[in-house]
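Beneath this line is the structure, given in structure tokens, with notes to follow.
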Amino acid sequence: MTALPPWAMTPAQVSFSPDGPPEAPAYGDLYHARAGALAQARHVFLGGNGLPGRWQGRERFVVLETGFGLGNNFLATWDAWRQDPARCERLVFVSTEKHPLSRDDLQRAHAASELPALAAQLIDHWPPLTAGLHTLSFEAGRVELLLGLGDARELLRELVLDADAIYLDGFSPKLNPALWDDWLLKSLARHARPGATAATWSIHRPMRRALASLGFEVGLAPGFANKPEMTVARFAPRHTPQRPAGREPLAPQARRAVIVGAGLAGAACALALQRAGVACTVLDARPGPAQASSGNPAGLFHGTLNPDDGPHARLNRAAALATQALLAELGLPHQAGLLRLETRLAVAQMATVPGYVEALSADAAAALAGAALGQPAWLYPGGGALDPAAYTRAMLAASGAAMRMDTTVAALRETAQGWQLLASDGAVIDEAPLVVLAGGHGQVPLLGALADGLTADLVVQRGQLTHIARSRWQPAVPVAGGGYTIADGQGGAWCGATAQDGDLDPSLRESDQAENLARHAALGGLPAPMAPLPLAGRVGWRLVTPDRLPLIGGLAATGDAAAQLRLQPRRAGLVVCTGFGSRGITWAALAGRLVAALALGSPRPLEADLLDAVDPLRFPLRRQRRPGR
91 MTALPPWAMT
101 PAQVSFSPDG
111 PPEAPAYGDL
121 YHARAGALAQ
131 ARHVFLGGNG
141 LPGRWQGRER
151 FVVLETGFGL
161 GNNFLATWDA
171 WRQDPARCER
181 LVFVSTEKHP
191 LSRDDLQRAH
201 AASELPALAA
211 QLIDHWPPLT
221 AGLHTLSFEA
231 GRVELLLGLG
241 DARELLRELV
251 LDADAIYLDG
261 FSPKLNPALW
271 DDWLLKSLAR
281 HARPGATAAT
291 WSIHRPMRRA
301 LASLGFEVGL
311 APGFANKPEM
321 TVARFAPRHT
331 PQRPAGREPL
341 APQARRAVIV
351 GAGLAGAACA
361 LALQRAGVAC
371 TVLDARPGPA
381 QASSGNPAGL
391 FHGTLNPDDG
401 PHARLNRAAA
411 LATQALLAEL
421 GLPHQAGLLR
431 LETRLAVAQM
441 ATVPGYVEAL
451 SADAAAALAG
461 AALGQPAWLY
471 PGGGALDPAA
481 YTRAMLAASG
491 AAMRMDTTVA
501 ALRETAQGWQ
511 LLASDGAVID
521 EAPLVVLAGG
531 HGQVPLLGAL
541 ADGLTADLVV
551 QRGQLTHIAR
561 SRWQPAVPVA
571 GGGYTIADGQ
581 GGAWCGATAQ
591 DGDLDPSLRE
601 SDQAENLARH
611 AALGGLPAPM
621 APLPLAGRVG
631 WRLVTPDRLP
641 LIGGLAATGD
651 AAAQLRLQPR
661 RAGLVVCTGF
671 GSRGITWAAL
681 AGRLVAALAL
691 GSPRPLEADL
701 LDAVDPLRFP
711 LRRQRRPGR
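Note that this note's numbering has the sequence shown beginning at 91, numbered continuously upward.
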């Protein structure tokens with residue numbers, strides 16, 4: 091049997107019984123008490139954490155759980171939130187799971203749920219079983235499940251959040267000691283706010299001693315069903331834990347933001363901030379939204395793979411899945427499914443993870459594409475192609491943001507209340523406690539004025555896309571690999587795209603079109619060269635970073651530079667979201683969520699090492715470390 095790649099999770103093996111709770115044979119334990127999963131959740135985890143009372147009147151309340159299991163604790167908490175007229179504005183439920191259920195097993199586990207409508211939504215949103223953090227959004231974004239698939243011991247080290255309540259709910263400490271030992275409990279304590287509570291059905295003495303040593307006030311309360319007692323605790327450390335300066339929220343009290351840039355990045359930021367309770371105004375120098383790179387007539391979105399599951403693959407996977415979920419939510423028409431050719435591996439060496447990626451033989455890929463591809467391919471069923479301008483407009487409409495077009499921001503000025511946005515004559519265009527710079531290459535001068543050395547590593551890259559009005563090959567799904575081809579739905583196709591660094595020529599070029607046509611022919615196994623065609627297509631510019639990852643985060647505050655990104659203080663009220671290169675469609679949805687989390691201090695939708703991987707200050711820090719700089 092071929093070993094699973096590092097990005098694929100081993101699903102749980104669940105034993106279902108008509109006479110009792112589901113069992114996990116690997117642990118020899120039941121998933122919940124025989125007296126009822128929801129009843130146990132309400133007594134132990136909600137009651138033990140003083141809920142719903144403790145979240146009432148709060149803007150945001152964060153629950154951190156070890157062991158998602160069947161999801162009953164989440165469903166009970168969500169239901170309590172829905173039933174409470176004094177509920178918090180937003181509920182964020184963060185949970186880890188090493189062996190998640192398959193969708194079919196999850197559906198079977200909730201076939202007779204007491205909360206059928208909520209269970210159905212959870213099943214409908216259930217992600218592909220891939221490693222990392224998955225954000226599942228409910229109640230128009232007011233309830234979020236941040237589900238970490240992987241080993242809790244690794245994920246807890248990488249989470250960036252402040253928890254208000256902790257649910258300790260692994261299998262029995264005797265059968266699953268890794269979820270109850272001192273190391274894991276210390277990791278939980280690092281994420282607890284002062285005053286946070288914790289609860290569990292267990293009264294395991296080593297666990298209770300560890301919690302007490304970490305600053306928790308530990309007590310006993312009446313247990314559930316046949317358990318006479320359970321553990322409750324409150325985090326009351328002698329010294330308030332200090333968050334790294336680079337992890338401080340950039341504008342935690344902001345209720346209004348100005349976003350500069352009305353393309354994919356700006357629209358996604360507006361939508362995410364609006365869902366977090368921040369009213370947005372979007373500015374752009376052009377007459378309307380999506381008139382720069384986001385105005386291309388078609389573009390791809392999909393994940394990527396690499397053998398070691400490095401930062402690029404992990405970020406692109408998380409982003410592609412976020413895009414897939416948002417498109418479903420918006421109901422935006424698009425071409426579903428994408429084939430990416432594989433040039434090195436035989437199909438027997440390629441892995442399949444249902445819902446994320448499937449390995450296809452050359453024959454199967456050719457049948458799907460309607461062309462003699464001649465190579466195996468990866469099928470991304472949740473990937474595809476769409477009109478980026480339509481996607482931008484849909485996000486802006488859903489955000490309800492105020493729009494101010496034909497407005498050029500020449501400079502920013504920091505004030506005691508936030509930032510003023512200035513015209514070229516120095517007049518104040520607008521001001522807000524939070525400003526997001528979400529434009530592309532046109533914002534390079536503005537970025538350069540705000541952060542010394544930040545733009546030295548950025549490249550403005552020209553790209554030409556070609557349109558074939560009548561194409562011999564119109565793939566049933568978009569095909570990529572050394573170029574790409576997308577059917578236009580009218581008998582033609584879009585293909586491309588070229589890449590020339592530092593080239594600002596706006597005119598269509600015969601040489602670039604010939605290059606795109608050659609790629610189109612090679613992808614589809616067509617005779618080459620194609621006959622010359624009239625020049626048709628579009629030219630745009632991408633802002634590209636040296637490592638081909640975006641810039642998302644805060645800029646350095648004045649003073650000495652720190653040795654680590656997470657220790658570097660940032661300028662309050664200012665977030666950068668740019669450098670998307672050719673992946674604007676794929677990255678936008680996740681980038682918007684990340685901007686909102688960085689600004690407001692909600693749980694970050696990416697692991698800490700990926701936050702560092704997209705941090706705008708990573709290049710200045712690397713230069714600082716070079717000998718003889």
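Using N, Cα and C, we set each Cβ at its ideal position, and we do this for glycine too.
With H, G and I counted as helix, E and B as strand and the rest as coil, what does DSSP make of residue i?
i, result
"Val634", "strand"
"Trp509", "strand"
"Trp216", "coil"
"Val250", "coil"
"His329", "coil"
"Cys667", "strand"
"Ile675", "helix"
"Leu301", "helix"
"Asn436", "Strictly speaking, residue 436 in this sequence is Ala, with Asn absent from that position. Three-state result, Ala436: coil."
"Gln343", "coil"
"Gly385", "helix"
"Ala315", "coil"
"Leu417", "helix"
"Val685", "helix"
"Ala210", "helix"
"Ala375", "coil"
"Thr394", "coil"
Tell me which same chain residues have a C-beta within less than 8 Å of the C-beta of residue i, skipping the five on either side of it?
i, result
"Ser105", "Pro112, Glu113, Ala114, Pro115"
"Leu450", "Leu429, Val437, Leu458, Pro466, Ala467, Trp468, Leu469"
"Asp109", "none"
"Trp270", "Leu258, Gly260, Pro263, Ser292, His294, Pro296, Met297"
"Arg716", "none"
"Trp563", "Gly460, Ala461, Thr575, Ala583, His610, Gly614, Leu616"
"Asn266", "Tyr117, Asp119, Gly260"
"Pro401", "Leu639, Asp699, Leu700, Ala703"
Find the nearest neighbour of residue i within the set the options, judged by alpha-carbon distance.
i, options, result
"Pro101", "Val152, Arg132, Gly159", "Gly159"
"Asp637", "Gln211, Asp702, Ala652, Asp578", "Asp702"
"Ser561", "Pro523, Pro331, Leu623", "Leu623"
"Leu657", "Arg708, Gly579, Val233", "Arg708"
"Gln364", "Arg180, Asp453, Glu521", "Arg180"
"Leu445", "Ala209, Gly473, Gln590, Gln173", "The amino acid at residue 445 is misidentified as Leu; the sequence shows Gly. Looking at the Cα atoms, Gly473 is the closest of the given residues."
"Leu373", "Asp496, Tyr117, His281, Arg150", "Asp496"
"Ala323", "Gly137, Ala679, Trp171", "Gly137"
"Thr588", "Gly582, Gln580, Tyr574, Asp578", "Tyr574"
"Ala129", "Phe151, Ala315, Arg280", "Ala315"
"Ser384", "Leu555, Arg132, Leu613", "Leu555"
"Ala484", "Asp650, Pro379, Thr676", "Pro379"
"Leu690", "Arg345, Arg376, Leu696, Gly671", "Arg345"
"Arg376", "Val525, Arg434, Gly530", "Gly530"
Quick test of your reading: residue i and residue j, contact by CB under 8 Å. State the CB separation rounded to the nearest angstrom.
i, j, result
"Leu278", "Ile256", "6 Å"
"Val153", "Phe183", "5 Å"
"Leu165", "Leu236", "About 16 Å; that fails the 8 Å criterion."
"Gly644", "Val704", "The pair is not a contact, with the Cβ atoms about 12 Å apart (cut-off 8 Å)."
"Ala360", "Ser489", "4 Å"
"Arg609", "Gly336", "Actually they do not touch by this definition, with Cβ atoms about 42 Å apart."
"His424", "Ala475", "7 Å"
"Leu205", "Asp169", "5 Å"
"Thr648", "Leu641", "About 20 Å separates the two Cβ atoms, so there is no contact after all."
"Ala286", "Phe325", "4 Å"
"Leu684", "Arg694", "7 Å"
For chain C, find out if any of its Cβ atoms is closer than 9 Å to the Cβ of residue i; answer yes or no.
i, result
"Arg712", "Checking the listed chains, one finds no chain C in this structure; it contains a single protein chain."
Given residue i, which residues of its chain have a CB within under 6 Å of its CB, disregarding the five upstream and five downstream residues?
i, result
"Asp252", "Arg283"
"Met320", "Val134, Trp291, Ala311, Gly313"
"Gln197", "Ile213"
"Asp195", "Val104"
"Ala698", "Glu248, Val250"
"Thr371", "Val348, Ala492"
"Gly309", "Val322"
"Arg148", "Cys178"
The ligand COA and residue i: does the residue's C-beta get closer than 8 Å to at least one heavy atom of that ligand?
i, result
"Asp272", "Although the ligand COA was asked about, the structure shown includes no ligands whatsoever."
Ignore the nearest five residues each way along the sequence and tell me which others in residue i's own chain have a CB closer than 7 Å to its CB.
i, result
"Ala302", "Val308"
"Thr566", "Checking the sequence, you will find Ala at residue 566 rather than Thr. Result list for Ala566: Leu458, Ala459, Gly460, in chain order."
"Asp241", "Lys188"
Legend entry - Runs of alpha helix (DSSP H) lying entirely within the stretch 536-624, each at least 4 residues, in chain order: DSSP runs (the alpha helix (DSSP H)) wholly in the stretch 536-624: 600-614.
Legend entry - Those runs of the beta strand (DSSP E) which lie wholly inside the stretch 219-297 and span at least 3 residues: You should have 222-228, 233-239, 253-258, 282-290.
Inset, instruction - With a floor of 4 residues, list each alpha helix (DSSP H) that falls wholly inside the stretch 422-469, ordered by position along the chain. - result: Within the stretch 422-469, the complete alpha helix (DSSP H) runs of at least 4 residues are 452-459.
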